[in-house]
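J.: Line by line, the protein sequences give chains B, C and L. Under my numbering, think of the first position of the first sequence as 54, with each following residue one higher. Under my numbering, think of the first position of the second sequence as 572, with each following residue one higher. Under my numbering, think of the first position of the third sequence as 4, with each following residue one higher. All residues carry an ideal CB built from backbone N, CA and C; glycine is no exception.
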Amino acid sequence: MRPVSARPTRALFAVTVLFCLIWVGYRALPTLPGRADLVIGNGTDPGSLHPHRATGVPEGRVIRALHEGLVLLDPETQEPLPGCAHSWNVSDDGLIWTFHLQPGLQWSNGDALDARDFRRSWLDLLDPSAGAPYGDLLESIQGAREWRQGKSQRDQVALTTPDPLTLRLKLVQPTPWLPFLCTQTPLQPVHPQALGRAGVGIPTNGPWKLERWDLRDRIRIKRSPQYRGPSKPALGTIDFLAVEAGNTLINLFASGAIDWAVSVPTTLLPLLKKDPLWRKAWRSDPYLGISFYRLNPSRPPLQHLEIRKALSLVLNREQLCRDILGGDPEPAWSFVPWPPPALERQNLKSPQPNQPTFLPGYSGSSSTRQGIQDVDRISSEQWPQLGFDPDQARDLLAQAGWKTPSSPEGRPIPSFEILHSTGSTHSIVAQWLQSTWSRELGIETRIRSMEWRSFLQTQRDKDYDVSRSSWIADYPDPSTFLQLFTSTSNNNRTGWSDAEYDTAVAVALTAPASEERNKHWKNAERILLERGPVLPLWSTTTTHLVAPEIVGFRPHPLNQHDLRHLERRNP
Amino acid sequence: MKATLQPQKSRWRQTRKTLPVLSLAWLTLVVLISILTPALPLEPIDSVDPEQAISAPSIHHWFGTDVLGRDLFSRIIRGSRISLACALAGAATALLVGVAWGLIAGGGSRQRDNIMMRFVDLVDSIPLVFLVILVASVVRGSVIEESGGGLGVFFVILGFVYWTPMARVVRGETISLASREWALAATALGSSPQRILRKEILPNLVPTILVTLTLIIPRVLLFEAFLSFLGLGVQSPHVSWGTLARDAFEVLNPVNTAWWLVLYPSMVLAMSLLALNIIGDALRSDLDPKDATKYKAQGGRFSPSSLDRKRHGAHRPAN
Amino acid sequence: MTPFLVRRFASATFTIWAVFTLSFFIIRSAPGGPFDLEREPAPDIKAAIEARYDLDLPLWKQYVQQGWLWLTLDPGPSLRQPDHDVATILSQGFPVSVLLGGWALVTGILAGMALGILSAWRPGSWIDRSVVLFASLGISLPMYLIAGLLIMTFSFHWNLLPPAGWTSLASLVLPITCLALAPAAQVARLTRSGLLETSSEDFARTAKAKGRSPLSILILHCLRPASIPVASTLGPTAAALLTGSLVVEQIFAIPGIGMHFVQGAMNRDYPLVLGVVLLYTVLLQVLTLIGDLLIMWLDPRGSDMR
């Protein structure tokens, strides 16, 4: 043994290791110049901040702060307001749209911005070789679909700039929601230097510009001096924190490290709700989306219409929303969701019966602006609806000769599998379905949960019996929902096809007059509910926690809050 | 087999320590309850009672209820059954694959040993989590299923993961045992190497294997809990201690935590893992000639610290 | 020494290649792709984006291509975060994980050794028993539950430390504690049994005969040979700690690379997954070698490195 002589070496070694660690520590810890005016716990780290490549809500929140489209939305009424365009008009047939841009627009690096930038960006979005996931938003422009299908050229798309401040579009079908689309992330202008990437230093045209992007940690944006838009932002700097876990969001909010948490885990809803202070921070608003189950009509026993109907008739959506989902979402009795308008939800605990509700986005005031026609003010009153009637469900099955708790002599209903993607809410709902179907109809089911990508693949392969799904509107109009189940839709994923339904959708899409459109949409919805492969469950809600210092937070039907209107006030 | 176990048993009896005895009693209770689960008057597995959601422990619900109003006591007992099955699956894979691999590697030529242990190194070089996710997605679904495929996939994953520590330990012990006088004597007497491995060495490995098992099983259970955290664990309405641990984590919040949902599952899980550890420790120090707590002078048949070393050599946290 | 290093280098290269190959084919056999969305684009549009990343080539071509890209250390952009190269993602996240894991390793080893010495000093006493109990308790609950309980206690009950985030040194305390628990428990056990074993050897008895106190004998004479088992576990433990932990990073919102092992695989972000797996494997090889060299230094007698 030579114990003692080795000790200095060992100590030296230990000290070296320690110093290395401290050094790495100071290198790795970010040096931030103080707290931002607003810190948002933004959920998952954004995938891409490029408008053409982004897909998620966290990405959109950052992108809309960095960019400004032709149109902005009024935070109260969701009516279109001037953005980069000071005005726009539309031909009488609703097919030719002309946007007039503000003069003197600038990118954040000082470059001039005009209608040609919008044209180039939109054509890049449509470009089939770029593979932008939301390119189809502009497919109603003449020549766009042909180009995307390889039948024509880029310059044959009817998107022109008669002069640098005018952008003109020729459409193939009336698209009254076009101004709304202009507020969406994919239609934001992209600087020619971007070359398919976003990041610090790549010019944008919004009220803020990107200051730093620490991956999986925080994105900081800072007021852009070049911005001369109509609504000046009140906040100088904003941080978007990447927070993956729901519990962590709650912890950070409770400790005051973030001012705004973008979601609350369902399992925590009932616990947090009991606390009055938390109720104050609580913002639960309708989200124009539907949570539903797809039924695969090629699988036994779901090919039988009476079984599909019975499965739906025994589901008490009111109970699901109240007891299982923490009372936040609104029950959905049709595929196009009709949540009561946000204001009404806040003021009244329960929506008043017989009061017409409008598709959110067009609720509230009655004045319309340029381009938005009265057509879209559909009332939910005459909209087709599903019912809740377990007895009728059992009768239906008994008449068809199936075995139910009330008719034990029939032939037994084969069991099937409920597929959902991993997640505690999905799992709870699947269990609720399982126990309801078993109790009311005596149908035995198995539950299987799958990791997200495998789940998507399985659904695409139609390798399921019933599977969880959701659909969020691209714009506030029934067409964004009802186009889903045509036989040619990429997102049908059930194999269901119905000629009458296809016709109803096609007619509705091209109908010029609003009354007629609505008639056809109602017809399509009726067919879908009567024969279709869907089980609507609830219309989605967004749940946010917003600190009392932050004022100006208003509900947005697509969870796209405009940060321009937020302010920080010390109470 | 029996003949070689006998002296161990009697030695075990000599050391009456309360902690290991209590641990053993607790584990026996858990195993008994798991076996008897179907016969117990528990709440039905798919019962959901929203009106009773999150109620504190009472006479009706001894351990309270969870967010869906399910009785926690029933769930813990049901969970013990699946968790026990997972533990057994892990133990079985480690036994079948690990022991065989280690025995063959350690009892053969140096070249064979080299190749086989390189393979073990290779398996240990692939990050575990990554493997699990991919296996889970390739089989398209949960890793642990009670219905249908049984514990099949979980079994495969454990096979991937937990046989390597066992193989390392067994291989090291085999090498050291094979160089002992009695093994050399058997060779001199003309026994074939296979016969020596089977008849002489394997029985002497039993205590080592037992100790290693008490260390592998807790890891299997923690691993199951980790899978539940990722959402790849047991599918509801079935329940395991891992899913209960995840539920406990999910209700932890700074405002209003339902303490019973955290306390009881954690207690049951921690007590069981602790019991396994304590038994393992007792077993090891009992077999250890040099453990100063005993100062027993017994003929050293194996060295527990080398066991420690090799066992931990393959330590690979699941997360 | 040199032939030993050469042999180790060759075998490490082989292992790295084998892991790369295995990982490549395993992840490519998983269903679903990086550009799958619930709102599915038209098939030809999706094919276009896949072609942009060469995902339409035959698998073996992609394998060769990826292998070459990794040899040149320029694997290109991540598929989920196409604004960033995989190299950027790793070089931003790895120091974070090294910092956290390194601290956890150092605290774990130091605390574990101290506990081990304490318990071997008075074997059988209540100190010994409580150390053993702690060592078992530290590995008796899932890490996420321990993390949650620590946050509730230290951040909200006592208001001492931030519950999550990556802002100050204070925000590192809880995650480091979580990470250090398991290695501390393991080192404590190993040190204890190693000390008990060596303390009955001749040199320790001689020292005792010379009238040294039991504690100083343990620390001055027995600790060095007794830390051999600790050194032999160092490689794998350190590699696991330094490459981050999904649970800790998720709960404490820490921008390390541990999450990519799971998220990368879940998102089918092929280049990123290969990146973290390769990083882990290379690190494991290097650290195992360091561990072995450490053993040779601690125990010059047994230089059997087979």
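Could one say the Cβ of B:ASN543 lies closer than 8 Å to chain C's Cβ atoms, at least one of them?
T.: One-based indexing of the first sequence puts residue 543 of chain B at position 490. No, B:ASN543 lies away from the interface with chain C (no Cβ there is under 8 Å from its Cβ).
J.: Let me know the secondary structure DSSP gives B:HIS618 once reduced to three states.
T.: For the purposes of this step, residue 618 of chain B is taken as the residue at position 565 of the first sequence. The answer is helix: DSSP assigns B:HIS618 an H, G or I state.
J.: Can the beta-carbon of B:ASN349 be found less than 8 Å from the beta-carbon of B:ASP518?
T.: The sequence position of residue 349 of chain B within the first sequence is 296, counting from 1. The sequence position of residue 518 of chain B within the first sequence is 465, counting from 1. At a Cβ-Cβ threshold of 8 Å, B:ASN349 and B:ASP518 count as neighbours.
J.: Check whether chain L comes within 8 Å of C:THR589, counting only Cβ atoms and requiring the distance to be less than that.
T.: As a working mapping, residue 589 of chain C is identified with position 18 in the second sequence. False, the Cβ-Cβ gap to chain L never drops below 8 Å.
J.: Could you pull the DSSP bridge partners for B:LEU348 from this structure?
T.: Walking along the first sequence from the start, residue 348 of chain B turns up at place 295. Paired residue(s): B:VAL519.
J.: Measure from the C-beta of B:ARG250 to each C-beta in chain C and report whether the shortest distance is under 8 Å.
T.: Residue mapping note: residue 250 of chain B aligns to position 197 of the first sequence, counting from 1. Answer no: the Cβ-Cβ gap between B:ARG250 and chain C never drops below 8 Å.
J.: Which of the three DSSP states, helix, strand or coil, is assigned to B:LYS204?
T.: What you label residue 204 of chain B is simply residue 151 of the first sequence in a count that begins at 1. The DSSP-derived three-state label of B:LYS204 is coil.
J.: Suppose the cutoff is 6 Å on Cβ atoms and the five residues either side in sequence are ignored; what does the same chain contact list for C:MET687 look like?
T.: For this step, residue 687 of chain C is matched to residue 116 along the second sequence. Counting only Cβ-Cβ distances below 6 Å, and skipping sequence neighbours, we find ALA676.
J.: Could you please give the first and the last residue of the uninterrupted alpha helix (DSSP H) stretch that includes B:PHE388?
T.: Counting from 1 along the first sequence, the entry for residue 388 of chain B is found at position 335. Here B:PHE388 belongs to no alpha helix (DSSP H), and DSSP marks it neither H nor E.
J.: Measuring CB atoms only, is the stretch 130 to 138 of chain B touching the stretch 246 to 255 of chain B, in the sense that at least three cross pairs come out at less than 8 Å?
T.: no
J.: Could I get the ranges of all uninterrupted alpha helix (DSSP H) runs contained in the stretch 181 to 231 of chain L, with 4 residues as the minimum, in chain order?
T.: 205 to 212, 217 to 220 and 226 to 229
J.: Is it buried or exposed, C:PRO615, if we count other Cβ atoms within 10 angstroms and call 16 or more buried?
T.: Numbered from its first residue, the second sequence carries residue 615 of chain C at position 44. Per the 10 Å Cβ criterion, exposed.
J.: In three-state terms, what does DSSP make of C:SER645?
T.: The sequence position of residue 645 of chain C within the second sequence is 74, counting from 1. Of the three classes helix, strand and coil, the one that applies to C:SER645 here is helix, per DSSP.
J.: What does a CB cutoff of less than 6 Å around B:ASP444 pick up in its chain, not counting 5 residues either side in sequence?
T.: Your numbering for residue 444 of chain B matches position 391 in the first sequence. So the list is empty, once near-sequence residues are dropped.
J.: Starting from C:GLN806, find everything on chain B with Cβ-Cβ shorter than 7 Å and list it in chain order.
T.: What you label residue 806 of chain C is simply residue 235 of the second sequence in a count that begins at 1. Neighbours of C:GLN806 on chain B, chain order: ILE500, ARG501 and SER502.
J.: Using a Cβ-Cβ cut-off of 6 Å (strictly less than) and excluding sequence neighbours within five positions of L:THR110, which residues of its own chain qualify?
T.: One-based indexing of the third sequence puts residue 110 of chain L at position 107. ALA183, listed in sequence order.
J.: Are the CB atoms of B:PHE345 and B:VAL587 nearer to each other than 8 Å?
T.: Working through the first sequence from its first residue, we reach residue 345 of chain B at position 292. Working through the first sequence from its first residue, we reach residue 587 of chain B at position 534. Going by C-beta atoms, B:PHE345 is nearer than 8 Å to B:VAL587.
J.: Under a CB-based cut-off of 8 Å, is B:PRO323 close to chain C?
T.: Residue 323 of chain B sits at position 270 when you count from the first residue of the first sequence. Output row for B:PRO323: interface = yes.
J.: Let me confirm a value: B:CYS235 is counted as buried when at least 16 other C-beta atoms fall within 10 Å, else exposed. Which label applies?
T.: Mapped onto the first sequence, residue 235 of chain B falls at position 182. Buried: at least 16 other Cβ atoms inside 10 Å.
J.: What are the boundary residues of the alpha helix (DSSP H) that C:MET688 is part of?
T.: Counting from 1 along the second sequence, the entry for residue 688 of chain C is found at position 117. C:MET688 -> alpha helix (DSSP H) spans 681 to 696.
J.: If contact is defined by three or more beta carbon pairs under 8 Å, each pair taking one atom from either stretch, is the stretch 688 to 696 of chain C in contact with the stretch 811 to 825 of chain C?
T.: By the Cβ rule, the stretch 811 to 825 of chain C does not count as touching the stretch 688 to 696 of chain C, because fewer than three pairs are nearer than 8 Å.
J.: Along the beta strand (DSSP E) that carries B:GLY94, what are the first and last residues, could you check?
T.: Here residue 94 of chain B corresponds to residue number 41 of the first sequence, with the count starting at 1. Unbroken beta strand (DSSP E) run through B:GLY94: 91 to 94.
J.: Quick test of the definition: if touching needs 3 or more C-beta pairs under 8 Å, does the stretch 772 to 790 of chain C touch the stretch 655 to 671 of chain C?
T.: In short, these stretches touch, since the Cβ pair count reaches three.
J.: Apply the 10 Å Cβ neighbour rule to B:CYS73 and answer buried if 16 or more other Cβ atoms are within range, or exposed otherwise.
T.: Locating residue 73 of chain B in the first sequence gives position 20, counting from the first residue. By the 10 Å Cβ count, B:CYS73 comes out exposed.
J.: I'd like to know whether the C-beta atoms of L:TRP169 and L:PRO98 end up nearer to each other than 8 Å.
T.: By one-based count along the third sequence, residue 169 of chain L stands at place 166. By one-based count along the third sequence, residue 98 of chain L stands at place 95. Cβ distance not < 8 Å, so L:TRP169 and L:PRO98 don't count as in contact.
J.: In chain order, what residues of the stretch 72 to 93 of chain L put their CB closer than 7 Å to some CB of chain B?
T.: ARG83, GLN84, PRO85, ASP86, HIS87 and ILE92
J.: Applying a beta-carbon distance threshold of less than 7 Å, which residues of chain L neighbour C:ARG766?
T.: By one-based count along the second sequence, residue 766 of chain C stands at place 195. Neighbours of C:ARG766 on chain L: none; closest Cβ ~26 Å, over 7 Å.
J.: Decide if L:SER100 is buried, meaning its Cβ has at least 16 other Cβ atoms within 10 Å, or exposed.
T.: On the third sequence, residue 100 of chain L is found 97 positions in, with the first residue counted as 1. Counting Cβ neighbours within 10 Å, L:SER100 comes out buried, since at least 16 surround it.
J.: Look at the alpha carbon of B:PRO406 and the alpha carbon of B:GLN372, and state the distance between them as a whole number of angstroms.
T.: Residue mapping note: residue 406 of chain B aligns to position 353 of the first sequence, counting from 1. Residue mapping note: residue 372 of chain B aligns to position 319 of the first sequence, counting from 1. Confidence at B:PRO406 is low in this model, with a pLDDT of 33, below 50, so the placement of that residue should be treated as unreliable; the coordinate-derived value is given next. Answer to the nearest angstrom: the Cα atoms are 18 Å apart.
J.: Are the CB atoms of B:SER488 and C:ASP818 within a distance shorter than 8 Å?
T.: To locate residue 818 of chain C, count along the second sequence from 1; it is residue 247. To locate residue 488 of chain B, count along the first sequence from 1; it is residue 435. No, these two residues do not count as a Cβ contact at 8 Å.
J.: Please state the DSSP three-state secondary structure of B:THR319.
T.: For the purposes of this step, residue 319 of chain B is identified with residue 266 of the first sequence, where counting begins at 1. B:THR319: helix per DSSP, three-state reduction.
J.: Are the C-beta atoms of L:VAL22 and some chain B residue less than 8 Å apart?
T.: Stepping through the third sequence from its first residue, residue 22 of chain L is reached at position 19. Output row for L:VAL22: interface = no.
J.: B:GLU470 by DSSP, collapsed to three states: which one?
T.: The residue labelled residue 470 of chain B in the question sits at position 417 within the first sequence. B:GLU470 carries a strand assignment under DSSP once its states are collapsed to helix, strand and coil.
J.: Identify, in the order they occur along the chain, each residue of the same chain with its Cβ nearer than 7 Å to the Cβ of L:LEU264, setting aside the five sequence neighbours on each side.
T.: Against the third sequence, residue 264 of chain L aligns to sequence position 261. As written in the sequence, residue 264 of chain L is Phe, which differs from the Leu given in the question. Result list for L:PHE264: LEU249 and VAL279, in chain order.
J.: Enumerate in chain order the residues of its own chain whose CB-to-CB distance from B:MET503 is below 8 Å, with the five nearest sequence positions on each side excluded.
T.: Mapped onto the first sequence, residue 503 of chain B falls at position 450. Cβ within range, chain order: LEU472, HIS473, SER474, THR475 and THR511.
J.: When the distance is taken between beta carbons, is C:PRO591 closer than 8 Å to C:ASN780?
T.: Position 209 of the second sequence, counted from the first residue, corresponds to residue 780 of chain C. Position 20 of the second sequence, counted from the first residue, corresponds to residue 591 of chain C. It is Ile, not Asn, that sits at residue 780 of chain C in the sequence shown. No. Outside cutoff.
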